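Notes follow the structure.
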Amino acid sequence: VVIITGASQGLGFEIAKSFAKLGSNLAICARNRFLLKKSLDKLKTYTESGQKIFAFKADVTSQREVFVFVKKIIKKFNKIDILINNAGILGPKGKMEELNWKQWIRTTEINLFGSVLMCRAVLPHFKKAKKGKIIQISGGGATNPKPMFTGYCASKAAIVRFVETLALEVKNYNIQVNSVAPGPLNTNMLNE
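Heads up: the sequence shown begins at 1 in my numbering, then just goes up one per residue.
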C-alpha cells in the first residue's frame with residue numbers, strides 16, 4: 001500500500017503510475033478534485049484485477065484532512081507500507097523584498113509542513129508494524145541556492161534536514177526515511 005501526495009499530475013502521477021504497473025495498491029491525494037478524478041481514471045487503466053486505488057481530496061497543510069486521509073487508508077487497506085511525500089509548489093518568484101508574503105508562507109506550509117504532517121500521521125502505523133518507508137521528494141532548491149526562488153529553496157532545504165533527522169529518530173523501528181532530488185522534469189512546475 002503506497003501513499004502518494006500530489007498525485008494528480010506531474011511527477012506524483014508518474015510515481016503513482018509506476019507503482020500501479022508494479023501491482024501496488026495506491027492511496028493518492030491532491031487538492032484539486034477534478035484533476036484527482038482524472039488521475040484516478042487514468043491510473044485504473046494500469047491496474048490488474050484485485051488492485052485498489054483510493055483517491056481522496058486533501059490539502060496536506062490541513063491537519064484534519066491529513067489525519068482523515070490516513071485513517072481512511074487504514075480502514076480500507078489495513079496497513080500502509082510506503083509514504084511518498086511529493087506534494088509541493090514552486091511558490092512566488094522574484095526579489096525577496098518584493099514577494100507576496102502570504103504566498104511565501106504558503107510555499108513553506110505545503111513543501112515543509114505538509115510533508116511533516118503526513119509523516120506524523122503515518123508514523124504510529126509504521127511503528128506498530130515495525131516497518132515502513134518514507135520517501136520525500138526534495139528538489140533542486142535543497143541542494144543549490146536559486147536566486148528569486150527563496151521560498152522554494154528555504155522550504156526544500158528545511159524538509160531535507162527534517163528527513164535526515166527523522167531517519168535517525170525512527171531507525172530502530174525498521175522505518176527507512178530518505179529524500180530524493182529527481183532533477184529537472186518536464187512538468188508544469190518546470191514550465192512555471
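We treat Cβ as the ideally placed atom computed from N, Cα and C, and that holds for glycine.
Quantities reported herein were computed from a predicted structural model and do not represent experimental measurements.
Compute the Euclidean distance between the alpha carbons of A20 and T47, then round it to the nearest angstrom. Here residue 20 corresponds to residue number 20 of the sequence shown, with the count starting at 1. Here residue 47 corresponds to residue number 47 of the sequence shown, with the count starting at 1. Each residue's Cα considered, the two are about 6 Å apart.
Quick one: complete alpha helix (DSSP H) runs, 4+ long, within the segment 135-175? 150-170
Helix, strand or coil for I110? Go by DSSP, reduced to three states. The residue labelled residue 110 in the question sits at position 110 within the sequence shown. Three-state DSSP puts I110 in a helix.
Close Cβ partners of L99 (< 6 Å) along its chain, the five nearest in sequence each way excluded: Taking the first residue of the sequence shown as position 1, residue 99 is located at position 99. P92.
With a threshold of 7 Å on Cβ separation, who are the neighbours of N191 within its own chain once the five nearest residues in sequence on each side are excluded? Position 191 of the sequence shown holds residue 191. Unreliable positioning characterises N191 in this predicted model, as indicated by a pLDDT of 48, which lies under 50. The coordinate reading is nonetheless provided below. Closer than 7 Å at Cβ, skipping near neighbours: no residue.
Starting from A30 and walking both ways along the beta strand (DSSP E), at which residues does that stretch end? In the sequence shown, counting from the first residue as 1, residue 30 sits at position 30. Looking at the DSSP string, the run of the beta strand (DSSP E) that includes A30 is L26 to A30.
Select from V66, H125, G88 and V122 the residue whose C-alpha is nearest the C-alpha of L112. Counting from 1 along the sequence shown, the entry for residue 112 is found at position 112. Of V66, H125, G88 and V122, the residue nearest in Cα terms is G88.
State the start and end residues of the unbroken alpha helix (DSSP H) segment that holds A16. Numbered from its first residue, the sequence shown carries residue 16 at position 16. Looking at the DSSP string, the run of the alpha helix (DSSP H) that includes A16 is G10 to K21.
Rounded separation between P182 and I137 - CA only: The count along the sequence shown starts at 1 and reaches residue 182 at position 182. The count along the sequence shown starts at 1 and reaches residue 137 at position 137. Their backbone Cα atoms lie some 7 Å apart in a straight line.
Would you check if the segment 132-150 and the segment 69-87 touch, i.e. whether three or more CB-CB distances between them fall below 8 Å? yes
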